[in-house]
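In what follows, a structure is listed as structure tokens, so that the remarks can point back to it.
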Amino acid sequence: MFRLSKADFLHAQKAFRDLDPIVVLDALPKKLYANLKQEALSSLHEGWLCCHDGSGTPPAQRCKRGELKKFAREWSASSGLCEQLKKITGCWAKVSWDASCYTAYLDVGHYLSPHRDRSESCAMTLLIYFSSADDTKDPGTSLDCWPLTTDQKLSIPSMENTLVLLAGDRVLHGRQKLQSSQKIYLLSLCFSLSRNKNDTH
Ligand SMILES: [Fe+2]
């Protein structure tokens, strides 16, 4: 579960309905956050460079990826998180293992081109950042989103223990090329959504 007050829940429900990103600061309890962060760093250390030019199914990108391990798998499939996501979206959420991973943008030029995720596996995207990018002059340190309610791009800074929830299949999102030596680590989870519990459990 992540921290969200009753008032925040109401705000999050409206935001998800309106296809606005939901940003939760200081989202995870200390112990869980520490476990996930350690797992992220170790998984990404033995991970792989992910390069696509955009000509196939995955969006154009250059970044490092690592597979989910014990803590991420347990948390993303937990009933507590499932209940929270149900309250926000009105739907039952099921993690899509094939589309979820640890991700890192580590070198100058690492990026993720603007895209929408596949609705069958990623109707909801959940991100948790493990590093803070404090160089605000580098546009590559933020997640760019284009909510439908406004014509303007929204840039969400990558800040430690910040959680971002997004209707990933409907809201265009991406990251510009990193221009500085900032390093960004995150957990990237994709969920399918269904109104019928039997479709997801
Ligand atoms: Fe995405």
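One gets the numbering used here by counting positions in the sequence shown from 1 and adding 19 to each. From the three backbone atoms N, C-alpha and C, an ideal C-beta is built for every residue, glycine too.
- Going by DSSP, LEU100 is part of the alpha helix (DSSP H) stretching over 98–108.
- Shown here, GLN171 sits in coil according to DSSP, grouped into three states, outside any helix or strand.
- Residue pairing for LYS113: DSSP places it in a beta bridge opposite SER211.
- Annotated as distal: ILE147 and VAL42, with beta-carbon spacing of 8 angstroms or more.
- Comparing alpha-carbon positions, the option among HIS129, SER119, TYR124 and PHE149 lying closest to ASP136 turns out to be SER119.
- Per DSSP, ASP163 is one residue of the beta strand (DSSP E) stretching across 161–165.
- The three-state secondary structure of HIS129, taken from DSSP, is coil.
- Remark: C-beta atoms of SER150 and LYS202 approach each other more closely than 8 angstroms.
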